[in-house]
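Here's the structure, in structure tokens; my notes come after.
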Amino acid sequence: MLPCAPMNELPRHEAARALLHWYAEMGVDEAVGAAPADWFALSAATGQTSQLQRPAARPAAKPAPSEPRPAAVFTAGSGPLPADEAVILAQRAATAAADFEALAAAVAAFEHCPLKAGARSTVFADGVPGSDLLVIGEAPGRDEDLIGRPFVGRAGQLLDRMLAAIGRSRETNTLISNVIFWRPPGNRTPTQVEIAICKPFVERLIELTAPKAVLLAGGAPMGALLGLTGIMRARGTWRDIETQSGYRVPALPMFHPAFLLRQPSEKRLAWSDLLALEKRLIGS
Ligand code: URA
């Protein structure tokens with residue numbers, strides 16, 4: 000429980016604890032240095048501008064009043080790129096990849112997702128490419144960002160146990176990925192722009208690895224690949240993913256394991272989804 004007294008009336012250790020708590024609530028969960036730094040003062044002194052202050056690299060044509068202005072994307076190494084251009088570059092890079100390894104390299108080399116600048120690792124996929132099962136989750140969290148592999152934290156360990164219950168593992172017969180390849184700051188929900196930029200790579204992953212079924216872990220991958228909202232109602236029903244090039248594959252939305260950690264009573268429904276998945280994979 001947070002103290003309600005103003006910060007300057009709290010004992011020092013209580014004030015420090017309250018401040019840390021507030022940082023965590025705001026999504027600040029990692030220290031980048033031993034002492035706090037005023038980055039605004041620093042950039043003013045060196046004449047450098049931060050990513051967010053940097054002026055546009057290209058002169059943007061002023062949109063007509065009725066024209067919706069495309070969201071700007073701040074890339075890791077250059078100036079801002081309009082979101083629609085970033086999506087086009089992602090589509091080109093994804094289409095050019097002829098196999099799984101080339102796609103992994105293309106994702107790692109891609110500089111136009113704004114999340115990349117704040118992430119330690121590109122988290123692409125883990126498991127056996129070409130497996131008949133592809134699991135797609137939301138986005139890397141802290142553990143995944145540190146290790147560089149999807150689903151390695153608590154939710155990932157639960158996912159591994161769930162898959163094991165139907166004879167599946169990333170070591171033998173399953174490939175695991177996400178709709179986002181870089182950790183959103185503070186594990187916030189990815190934006191529609193971030194999802195749109197990563198989507199061509201996700202669709203290409205589906206095409207190149209040709210699974211028999213895709214398990215969509217949570218509302219974010221279900222929204223990104225099936226265009227649906229409302230995981231509580233949509234889970235457990237098979238639908239087809241259709242990629243931009245017209246490739247189709249059956250997909251089953253299921254609760255995200257992180258949700259199941261918070262709501263263990265819903266594991267009953269997740270179990271029935273897993274059994275439906277196993278049935279489809281076995282081919283009966
Ligand atoms: N949650 C996800 O959706 N993906 C991960 O890789 C880890 C946690």
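Numbering that gives the first Met the number 0 puts the first residue of the sequence shown at 0, with every later residue one more than the last. No residue lacks a Cβ here, since even glycine has one placed at the ideal position from N, Cα and C. None of the values given here were measured: they were computed from a predicted structure.
Go ahead and pull the three-state DSSP assignment for ASN172. coil
CB-CB under 8 Å to PRO210, same chain, minus the five flanking residues each way: which ones, in chain order? SER130, ASP131, LEU132, LEU133, LEU174, VAL248
Let me confirm a value: SER176 is counted as buried when at least 16 other C-beta atoms fall within 10 Å, else exposed. Which label applies? buried
Looking only at its chain, what residues have a beta carbon closer than 8 Å to the beta carbon of ALA63, apart from the 5 residues adjacent to it on each side? Unreliable placement is indicated for ALA63, whose pLDDT of 46 sits below 50; the coordinate value is still reported in the next sentence. Counting only Cβ-Cβ distances below 8 Å, and skipping sequence neighbours, we find nothing.
Strictly closer than 5 Å from CB to any heavy atom of the ligand URA: give me those residues in the order they appear in the chain. With 5 Å as the limit between CB and the heavy atoms of the ligand URA, the residues that fall short of it are GLY136, GLU137, PRO139, GLY140, GLU143, PRO149, PHE150, ALA154, ASN177.
Can you give me the Cβ contacts of PRO220 inside the same chain, cut-off strictly under 7 Å, excluding the 5 residues immediately before and after it? ILE135, GLY136, GLU137, VAL178
Once the 5 residues before and after GLU241 are set aside, which same chain residues still bring their CB inside 8 Å of it? ARG247
Nearest candidate by alpha-carbon position, reference ALA118, set GLU143, ILE281, GLY166, GLY217: Nearest to ALA118 by C-alpha distance, out of GLU143, ILE281, GLY166, GLY217, is GLU143.
For ASP284, three-class secondary structure by DSSP: The structure shown does not extend to residue 284, since the chain is modelled only from 0 through 283, so no value can be given for it.
With distances taken from CA atoms, which of SER264, LEU280, ALA216, ALA92 is nearest PRO256? ALA216
In angstroms with no decimal places, state the Cα-to-Cα distance between GLY245 and ARG267. Going by the C-alpha atoms only, they are around 34 Å apart.
Beta-bridge partners of VAL134, as assigned by DSSP: ILE175, LEU214
Kindly indicate which residue of LYS278, LEU273, ILE281, ARG16 has the alpha-carbon position closest to the one of LEU158. Between LEU158 and the set LYS278, LEU273, ILE281, ARG16, the nearest pair of CA atoms involves LEU273.
Return the first residue and the last residue of the alpha helix (DSSP H) that PRO199 is part of. 191 to 208
Leaving out the 5 sequence neighbours to the left and right, which residues in its chain are closer than 8 Å to ASP239 when beta-carbon positions are compared? ARG247, VAL248, PRO249, ALA250
Distance between THR121 and GLN262 (C-alpha atoms, nearest Å): In a straight line, the C-alpha of GLN262 is about 30 Å away from that of THR121.
Buried or exposed: where does THR208 fall if 16 or more other Cβ atoms within 10 Å of its Cβ makes it buried? Taking every protein chain shown into account, the CB of THR208 has 16 or more other CB atoms within 10 angstroms, so this residue is buried.
If we count the other Cβ atoms within 10 Å of its Cβ and call it buried at 16 or more, is ILE281 buried or exposed? exposed
By Cβ distance, which residues of its chain are closer than 7 Å to ARG153, with the 5 residues on each side in sequence left out? LEU260
Could you tell me the distance, in whole angstroms, from the CA atom of GLU84 to the CA atom of ARG160? About 40 Å.
Same chain only: Cβ atoms within 6 Å of LEU224, ignoring 5 sequence neighbours per side: ILE240
Between which two residues does the beta strand (DSSP E) holding ASP272 run? Segment 266 to 281 is the alpha helix (DSSP H) holding ASP272; no beta strand (DSSP E) there.
Select from PHE180, GLY222, VAL127 the residue whose C-alpha is nearest the C-alpha of ALA108. PHE180
Tell me which residue opens and which closes the beta strand (DSSP E) that ARG247 is part of. 247 to 253
Is it buried or exposed for ARG167, if we count other Cβ within 10 angstroms and need 16 for buried? buried
Can you check which of these residues, ARG16, LEU145, GLU277, ALA105, is closest to PRO199 by C-alpha distance? ALA105
Using the C-alpha atoms, what's the distance from ASP125 back to GLU170? 9 Å
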